[in-house]
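Student: Protein sequences, first through last, are from chains G and E. Count along the first sequence from 1, add 4, and you get the number used in the numbering used here. Count along the second sequence from 1, add 28, and you get the number used in the numbering used here. Pasting in a structure now, in structure tokens, and then I'll have a few things to ask.
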Amino acid sequence: MTTHIGPHPTRRLILQGAVTVALIGLGNLPYAPARAAANDKYPEEAFKQKSEADAIKALYGKTAEPSDKVKLDAPEIAENGAVVPISVTTTLDKVTSISFFVAENPNALAASYKIPDGTMPVVANRLKMAKTTNVVAIVEADGKLFSATKEVKVTVGGCGG
Amino acid sequence: MASSIRVRATTNGDITEVQALIQHPMDSGFVKDAKGELIPPHFIQELKFACNGKEVFVADWGPAVSKDPYIKFSFKGAKKGDDLTISWTDNKGGSDQTTAKIA
């Protein structure tokens, strides 16, 4: 007969709730400029989206166009899906953020990086991949989104199961 | 306790290259343990790099970042001997912080 949610309904839970409510609120305003990527908050909602398109929308609120100025470096075949080295470089100017999406992971958004002034638009990291699918890098430059896509073949999945 | 963060920051004149390796399980919440029970999600959400108090790089991570994450980036405007502060927080409220000198 207890109503409490978990073992510790702490301040954290309450804060998460508040963030969610705030994000939903923003989503209702058609021209709200303060998207998750533009402010300092952790983009909780974007990380929860299942598909790549929804995650991009939740994170940036717009769509990306493919660009050959974004160079995505990923292996053709990843033997171990738990550790796939992926990096991105771009020759675009005024880059403000770079994000990585793995299309068929349970949640598409893997990582999002904010690039302040003076930081080079070059990021290397290692991601998990559930199966063979496209890896998409999104670069936000001068308010627009540019993407690069590459298929990586995975022999052993890295998301359990 | 030894720091969970290992970092190497080297400058060659204008550009400082930073490589960091963090010890963290990065459990996604999809993996089962030996008993067949799901291991709850436990992953770093935010990772920040600040040089002399100014943020130079911020990472928002989901559980799809590999265990013991590695990250590399570079930035301008630092010189030898400057302080680089690295801090992270995870989804369970854990955190760690370290300061390295740029070499």
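Glycine included, C-beta positions come from ideal geometry on N, C-alpha and C.
Going by CA-CA distance only, name the one from F71/E, K120/E and E45/E that's closest to G105/E.
Tutor: E45/E
Student: On the three-state DSSP scale, how would you describe Y64/G?
Tutor: helix
Student: Could you compute how far the alpha carbon of D118/E sits from the alpha carbon of L96/G?
Tutor: Between the alpha carbons of D118/E and L96/G lies a gap of roughly 32 Å.
Student: Are the CB atoms of Q53/G and A112/G within a distance shorter than 8 Å?
Tutor: yes
Student: Measure from the C-beta of Y117/G to each C-beta in chain E and report whether the shortest distance is under 8 Å.
Tutor: In terms of beta-carbon proximity, Y117/G lines the interface with chain E, with at least one pair separated by less than 8 Å.
Student: Nearest-angstrom Cα distance between A237/G and A50/G?
Tutor: With chain G running from 5 to 165 in the structure shown, residue 237/G is simply not present.
Student: Please state if the CB of K95/E and the CB of P53/E are separated by a distance shorter than 8 Å.
Tutor: Cβ atoms of P53/E and K95/E: closer than 8 Å.
Student: Rounded to the nearest angstrom, what separates Q125/E and A131/E at their Cα positions?
Tutor: 19 Å
Student: With DSSP collapsed to three states, give me the class of F58/E.
Tutor: coil
Student: Note down the Cα distance separating N80/E from P91/E, rounded to an integer number of angstroms.
Tutor: 30 Å
Student: How far does the alpha helix (DSSP H) with K98/G in it reach, from first residue to last?
Tutor: Per DSSP, K98/G belongs to no alpha helix (DSSP H) and is neither H nor E.
Student: Hey, how far is the Cα of V74/G from the Cα of K132/G?
Tutor: 21 Å
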